[in-house]
Structures are given as structure tokens and as C-alpha cells.
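Undergrad:
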Amino acid sequence: MDSLTQLAFGAACGEAILGKKVGRKALIWGAILGTLPDLDVLIPLGSPVDDFVYHRGFSHSLFLLTALSPVFAWLITKVHGNTKPLFNKWMLLTFVVLNGSVLLDLFTIYGTQIFWPIDTTPHAIPALFIIDPLFTLPILIGVSSALFLKNQRLNFIGLCLSLAYLVWALGTGVFVKQKIKEKLAEQGVRYSKFVSSPAPFTTLLWRTVGIHQDQYFETYYSLFDGDAPLSVDVYPRNLALMNGIEEHAPVVKLKNFTKGYFSMSDINGSVTMTDLRMGSEPDYVFRFKVANLNHTLSIPASEQRIKTQQDWSRILSLWKRIWDPTVHL
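Here our numbering is used: the first residue of the sequence shown is 1249, the next is one more, and so on.
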């Protein structure tokens, strides 16, 4: 999730657990701990691809964060010596906030290595877009009420509302996946796998990308679509561009990290690899140059992230698509 959501979630949990006993200290430490795991983005890992695939790695390990919880609790009681008798409560706060913030990231499409180092596979249960106002606002309002009005009840209500919304999002994801399966079967669309995730800022509209051999497709489904057929757009993956770079380290890493949801492109002689899960056609968020093209053979090259300009004017089209299945995205 975005940094503001993580900060607010940590603050809300801190306030709920220890606010009555230590005042604003609980809220402040909750906010700090809530943002801590995602600060791994500030650690340079040597290459653009490594920065991409190892983000949310060790820093999001449930094992590591659980082990560090008593350490952080000890440090906090060192700073606030008069709260040493509350060590166990501080440890509960650090455990809940650190692991809770990681689990929030688990519910986005990116992927989180929650079982590092035993399993370095990035896991994801796509239920929320990275920024979702309906999840964040109740927490923000609750935290603000605790901070400025000293109203802990509203803080608790805000947390409950946001967690209820998360449950709604998870249930909606299961429903949408089943609907997509049914509609793809009805329309005779072939695929080996597909993944669905919420469109920006909502859980009413979901984007699906599917893979079939050397092709991928993109489609959208709204909870208000009813019996309307899916509008399925099919594109080439250009896998022939992988000839000569199958064992090139950045290619192997991206192939594994994307779980096979990738495409290749030739952009003026530069071979690029795109993560199809994040963004939308043609404005994908993560695209990397991995090789140079020499006739029909790709020659390994130092990786480079290709920055793309996001067309935010499409947000209005996304909003229209929620209500109207004839709107093409």
C-alpha cells in the first residue's frame, strides 16, 4: 500500500493498543513502525531489476519482523524509561504494526516475500489497489480524531470499517475471478492462466490479464456488468525476442518475479521486458531494457528501467467503465 496508508494504519493500531496508557507515544511509534518495512526502497541493490524484484523482500518477512518485535519494544522502553512496565504491550504493538503493514502489502498485486528466507517467492492476494481511498479514509479520520480530539472510539471504528472493507475486497476478488472464468469460457477465449486485480482507487472495477502461449489479453469486469460480454483485447508477447537471452540474469529474475505475466518488445533496437500485471495497455509501470537486437538475435545488455508516462486522464474513462460495459479502455 502507499506510504500514507501504512503510516495511518500503524498509528491507528498503536493508538488502539496502547493509546490509553501512554498517550500520543503509541500513535507516533505506530506510525513510525508502520512505514518501516517499505523503507527498503531506499536501499540500492545494484541494478534497476534487483531494486524491482527484491523490494518487499527481507524487510517484509513475517519471521524476521516477528523476531525483531521484542528488539523494537526494548528500544522504545529505553527511549521512554517510565513505560518499562508496559514492555509486553509495546511488544504486542510492534508485532501487530510490523506484521500488519506487511500483510496489507500482501493484498496488492506487486508481490511480497512474507516467508523470506525459507521461501523467496513473492506472494500476492490481489484485493486492493495500491491507493484505495475507501480503505484509507476511515483510518485517517479515526487517527485524526484520536490525535486532535482524543477520541479513541472513532479510531477503533475507523480501523473496523477499513478491515471490513478489506474483507469485502477479498470476497469481491473471489467473485470476480469466478465470473471471469465463466465469461471467458462462454466467449471461447483460450488461456493458460490469468490474474485479476482492482482498477485504480476502487474495488468495483477489476482488470484481468491472461496468458496464452505467445499472446496475452486484457479485459475489464465491473460488478455492474450483469450479462454483458467481456471486451477482450489480445496482444503479442513477442517471445522470439528472448532468443539468446534466456539465461541472462535480469531476464530470469523478471520472468520469475512476474510469474510469467510478461511481454517482450523491440523499441528502436532495444529489447524490453514488461511486467503486465501493473498498469494497463499500453501504459505499464515497470518496463526494462534487457538486451540489444542484432537482426533476429538478442544480445544481453546492462538492464535499464524504461520510464513510462502514465495517462492519468484515463481515470475518467475508468470511472465511466464502472457503470457502462460499452466503454472501451
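For each residue, glycine too, the CB sits at the ideal point set by N, CA and C.
With a floor of 3 residues, list each beta strand (DSSP E) that falls wholly inside the stretch 1431–1512, ordered by position along the chain.
TA: With a minimum length of 3 residues, the continuous beta strand (DSSP E) runs that stay inside the stretch 1431–1512 are 1441–1446, 1453–1460, 1463–1470, 1481–1484.
Undergrad: Cα-Cα, which of Leu1545, Ser1479, Met1521, Leu1489 is closest to His1576?
TA: Checking every option, the nearest Cα to that of His1576 belongs to Ser1479.
Undergrad: Is His1371 helix, strand or coil when you go by DSSP?
TA: The answer is strand: DSSP assigns His1371 an E or B state.
Undergrad: In whole angstroms, give me the CA-to-CA distance for Leu1290 and Phe1510.
TA: One C-alpha to the other measures close to 26 Å.
Undergrad: Run through the DSSP bridge pairs and tell me what Ile1570 is partnered with.
TA: For Ile1570, which the question treats as bridged, DSSP gives no partner whatsoever.
Undergrad: For Leu1340, collect the residues of the same chain with a Cβ closer than 7 Å to its Cβ; drop the 5 residues on either side in sequence, then sort them by chain order.
TA: Correct list, in chain order: Ile1265.
Undergrad: Which residues in the same chain have their Cβ closer than 8 Å to the Cβ of Ser1470, if we skip the five residues on either side of it in sequence?
TA: Answer for Ser1470: Leu1452, Leu1453, Trp1454, Arg1569, Ile1570, Trp1571, Pro1573, listed in chain order.
Undergrad: Is DSSP giving Tyr1532 helix, strand or coil here?
TA: Residue state, collapsed to three classes: strand.
Undergrad: Just checking my contact of Leu1255 with Thr1283 at CB under 8 Å: how many whole Å lie between their CB atoms?
TA: The Cβ separation is near 5 Å, so the contact holds.
Undergrad: Leaving out five residues on either side along the sequence, give the residues of the same chain with a beta carbon under 6 Å from the beta carbon of Val1344.
TA: The residues are Cys1261.
Undergrad: Please list the segments of the alpha helix (DSSP H) lying wholly inside the stretch 1280–1346, counting only runs of 4 or more residues, in order along the chain.
TA: Fully enclosed alpha helix (DSSP H) runs of 4 or longer: 1296–1301, 1310–1327.
Undergrad: If we count the other Cβ atoms within 10 Å of its Cβ and call it buried at 16 or more, is Val1519 buried or exposed?
TA: Result: buried.
Undergrad: Could you tell me whether the stretch 1429–1441 touches the stretch 1412–1421, where touching means 3 or more Cβ pairs closer than 8 Å?
TA: No contact exists between the stretch 1429–1441 and the stretch 1412–1421.
Undergrad: When you compare each of Ile1357, Lys1425, Glu1434, Leu1352 to Leu1411 by their alpha carbons, which one comes out closest?
TA: Per the Cα distances, Leu1352.
Undergrad: With 16 other CB atoms within 10 Å as the buried threshold, where does Ala1417 fall?
TA: The residue is buried, with at least 16 neighbouring Cβ atoms inside 10 Å.
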